[in-house]
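Participant: Would you mind keeping the following structure in view while I ask a few things?
Numbering (this note's numbering), first residue to last: 9 to 465.
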């Protein structure tokens with residue numbers, strides 16, 4: 009934390025500009041040793057905060073690049089420290105030369121995530137907001153980006169902080185009453201505390217219920233395409249991807265293994281899995297593919313069941329429909345451009361699922377499929393300003409620990425246990441919630457979280 013650090017903050021690829029970020033108590037001194045204004049009249053150490061200056065980066069007498077330098081004094085910066093950002097030309101070699109010059113001037117290379125780590129340690133952001141920074145960088149869909157931005161603005165922090173305030177008040181009351189029983193009465197306190205604990209349990213359950221949607225928002229909906237051989241599964245995947253990714257032939261059983269790709273439909277990320285056609289077969293290799301198809305269907309968030317509407321249903325279709333009974337699924341009556349043998353009514357008589365006629369070949373019915381997926385998973389628009397979604401597996405684990413501790417408090421109240429029993433489990437819940445926002449975390453966890461960040465952030 010006492011070192012002045014520097015790193016390239018933009019991607020190493022040819023671009024309009026590249027940014028080299030410097031942060032620490034010596035940031036202005038380090039940058040000042042290599043920066044020169046056109047007429048030499050401005051010393052960087054003397055400029056006002058949050059100003060931008062045109063000039064040159066020099067390595068001795070050699071000009072390295074023509075730059076703009078942004079000066080930000082702490083605590084009004086991303087890290088909370090004095091920060092200088094050098095905007096140079098975006099060539100890979102040019103940006104590296106600027107960074108090398110900065111390092112020779114006295115900074116050390118930043119570790120992965122060290123700028124954000126310093127922002128956390130300096131109290132600029134909490135741990136949930138720091139994790140949201142990395143989620144924003146890795147967002148794969150519009151909804152994932154909105155969710156991460158909401159978390160960065162403090163949506164998770166506000167909810168968790170409110171719950172912790174309620175807990176610490178009750179912990180302090182119990183401790184005070186036990187220390188001074190003459191002046192603080194705890195008669196009937198158990199009934200009052202039970203109401204508070206039940207509300208906190210309801211809040212915890214509500215957050216945990218969002219973790220399923222939150223996982224899909226962040227990672228995408230695992231969508232498995234199933235059906236008999238030659239039903240048009242691979243053709244559907246290719247159409248949705250907009251490229252010939254899966255092999256399509258007239259030969260039944262062409263797809264022998266699962267094929268995974270990610271696509272975005274109306275702001276929703278789908279992790280698409282194309283599978284082997286499900287049918288009875290004596291071919292050992294095809295049997296393995298069929299088993300993989302069944303296993304993928306069992307783990308799916310959504311199943312797209314592709315039916316060749318030009319051929320009658322058979323025992324293989326019956327088996328597939330059995331797989332779909334307890335799953336979120338959409339039935340796609342493919343080849344609607346041909347004479348239909350299978351109708352929507354025939355499917356609905358056996359399976360209570362959405363049925364959509366499509367033609368993968370003619371690219372018909374796909375807009376209705378997109379709308380149906382959005383409607384099935386996210387009713388209306390997701391209001392990220394009002395609804396908090398738990399998208400982080402670490403947060404979910406801590407909420408589960410919180411729930412367990414609160415349930416123990418509730419059990420202790422119902423059994424008429426002494427008040428100090430309440431205090432122990434209330435404190436455990438308080439600390440579990442604190443670990444979500446970083447109020448009570450060890451150095452090892454902090455290092456592990458920030459080691460996953462990219463260098464320069």
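Where a beta carbon is used, it is the ideal one built from N, C-alpha and C, also for glycine.
If you're wondering where the values come from, they're calculated on a predicted model, not measured in any experiment.
(1) Keeping to the same chain, check which residues put their C-beta closer than 7 Å to that of residue 463; ignore five residues upstream and five downstream.
(2) Please return the same chain residues whose Cβ sits closer than 8 Å to the Cβ of residue 30, not counting the five positions on each side in sequence.
(3) Have a look at residue 269 and residue 345 and give me their C-alpha separation to the nearest angstrom.
(4) Using alpha carbons as the reference points, say which of 44, 438, 75 and 128 lies closest to residue 9.
(5) Please say whether residue 89 and residue 130 have beta carbons closer to each other than 8 Å?
(6) Buried or exposed for residue 166, please, with buried defined as at least 16 other CB atoms from any protein chain shown within 10 angstroms of its CB.
(7) Got a sec? Which residues, its chain only, sit under 7 Å from residue 437 by beta carbon, not counting five neighbours each side?
(8) At the 8 Å Cβ level, is residue 441 part of the contact set with chain D, yes or no?
(9) Hey, residue 22 and residue 100 are a contact pair by Cβ (cut 8 Å); roughly how many whole angstroms apart?
(10) Is the beta carbon of residue 87 closer than 8 Å to that of residue 41?
(11) Which of the three DSSP states is assigned to residue 413 in this structure?
(12) Would the segment 365-382 count as touching the segment 188-202 if we require 3 or more Cβ pairs under 8 Å?
(13) Are the Cβ atoms of residue 431 and residue 183 separated by less than 8 Å?
(14) What did DSSP end up calling residue 194 once you bin it into helix, strand or coil?
(15) Three Cβ pairs or more, each shorter than 8 Å: is that satisfied between the segment 185-193 and the segment 219-236?
(16) Taking only runs that begin and end inside the segment 75-131, name each unbroken beta strand (DSSP E) of 3 or more residues, in chain order.
(17) For residue 240, write down the residues that DSSP places opposite it in a beta bridge.
(18) Would you list, in sequence order, the uninterrupted alpha helix (DSSP H) runs of no fewer than 4 residues that lie entirely inside the segment 269-339?
(19) Where does residue 282 land, buried or exposed, given buried means 16+ other C-beta within 10 angstroms?
(20) With distances taken from CA atoms, which of 402, 439, 423 and 449 is nearest residue 219?
(21) Hey, residue 460 and residue 142 are a contact pair by Cβ (cut 8 Å); roughly how many whole angstroms apart?
(22) Skipping 5 residues on each side, what residues in its chain have a beta carbon closer than 7 Å to that of residue 124?
(23) Find out if the Cβ-Cβ distance for the pair residue 44, residue 63 is shorter than 8 Å.
(24) For the alpha helix (DSSP H) containing residue 144, list its first residue and its last residue.
(25) Just to confirm the assignment, what range does the beta strand (DSSP E) spanning residue 165 have?
(26) For the candidate residues 296, 374, 324 and 299, whose alpha-carbon lies nearest to that of residue 245?
(27) Which value, in whole angstroms, describes the spacing of the CA atoms of residue 241 and residue 314?
(28) What first and last residue would you give for the alpha helix (DSSP H) that runs through residue 377?
(29) If we count the other Cβ atoms within 10 Å of its Cβ and call it buried at 16 or more, is residue 349 buried or exposed?
(30) Excluding the 5 residues flanking residue 335 on each side, which residues of the same chain have their C-beta closer than 6 Å to its C-beta?
(31) In whole angstroms, give me the CA-to-CA distance for residue 446 and residue 135.
Facilitator: Once the coordinates are examined:
(1) As a first step, residue 463 is located in the chain shown; it is residue number 455 there, counting from the start. Here the set comprises 15, 118 and 120.
(2) Here the question's residue 30 lines up with position 22 in the chain shown. Closer than 8 Å at Cβ, skipping near neighbours: 12, 13, 14, 38, 39, 91, 92, 93, 94, 110 and 115.
(3) For this step, residue 269 is matched to residue 261 along the chain shown. For this step, residue 345 is matched to residue 337 along the chain shown. Answer to the nearest angstrom: the Cα atoms are 27 Å apart.
(4) In the chain shown, counting from the first residue as 1, residue 9 sits at position 1. Minimum Cα distance to residue 9 is reached at 128.
(5) Reading the chain shown from its first residue, position 122 is the one you call residue 130. Reading the chain shown from its first residue, position 81 is the one you call residue 89. Going by C-beta atoms, residue 130 is nearer than 8 Å to residue 89.
(6) Locating residue 166 in the chain shown gives position 158, counting from the first residue. Label assigned to residue 166: exposed.
(7) Within the chain shown, residue 437 is the residue found at index 429, counting from 1. Around residue 437: 175, 410, 413 and 414.
(8) No chain D is present in this structure, which holds just one protein chain.
(9) Along the chain shown, one-based indexing puts residue 22 at 14. Along the chain shown, one-based indexing puts residue 100 at 92. Indeed they touch by this definition, with Cβ atoms about 7 Å apart.
(10) For the purposes of this step, residue 41 is taken as the residue at position 33 of the chain shown. For the purposes of this step, residue 87 is taken as the residue at position 79 of the chain shown. No. Outside cutoff.
(11) As a working mapping, residue 413 is identified with position 405 in the chain shown. Note: residue 413 maps to helix in three-state DSSP.
(12) no
(13) As a first step, residue 431 must be located in the chain shown, where it is residue number 423. As a first step, residue 183 must be located in the chain shown, where it is residue number 175. Yes, Cβ-Cβ distance for residue 431 and residue 183 is below 8 Å.
(14) As a working note, residue 194 is residue 186 in the chain shown. Note: residue 194 maps to coil in three-state DSSP.
(15) no
(16) 91-97
(17) Stepping through the chain shown from its first residue, residue 240 is reached at position 232. Per DSSP, none; premise fails for residue 240.
(18) 292-306 and 323-332
(19) Stepping through the chain shown from its first residue, residue 282 is reached at position 274. Buried: at least 16 other Cβ atoms inside 10 Å.
(20) Translated into positions along the chain shown, residue 219 becomes position 211. Closest option to residue 219, Cα to Cα, is 402.
(21) On the chain shown, residue 460 is found 452 positions in, with the first residue counted as 1. On the chain shown, residue 142 is found 134 positions in, with the first residue counted as 1. Between residue 142 and residue 460 the Cβ distance is about 7 Å, and since that is below 8 Å, they are a contact.
(22) Here residue 124 is taken as the residue at index 116 of the chain shown, counted from 1. 138, 141, 458, 461 and 465, listed in sequence order.
(23) Counting from one through the chain shown, the residue named residue 44 turns up at place 36. Counting from one through the chain shown, the residue named residue 63 turns up at place 55. A contact, by the Cβ cut-off of 8 Å.
(24) What you label residue 144 is simply residue 136 of the chain shown in a count that begins at 1. Element bounds for residue 144: 135-146.
(25) Looking up residue 165 in the chain shown gives position 157. From DSSP, residue 165 is part of no beta strand (DSSP E) but of the alpha helix (DSSP H) over 163-187.
(26) Position 237 of the chain shown, counted from the first residue, corresponds to residue 245. Checking every option, the nearest Cα to that of residue 245 belongs to 374.
(27) Here residue 241 refers to the residue found at position 233 of the chain shown. Here residue 314 refers to the residue found at position 306 of the chain shown. Roughly 6 Å between the two C-alpha positions.
(28) For the purposes of this step, residue 377 is identified with residue 369 of the chain shown, where counting begins at 1. First-last of the alpha helix (DSSP H) with residue 377: 374-385.
(29) In the chain shown, counting from the first residue as 1, residue 349 sits at position 341. Result: exposed.
(30) Position 327 of the chain shown holds residue 335. Excluding sequence neighbours, residue 335 sits near 311.
(31) On the chain shown, residue 446 is found 438 positions in, with the first residue counted as 1. On the chain shown, residue 135 is found 127 positions in, with the first residue counted as 1. Whole-angstrom Cα-Cα distance: 5 Å.
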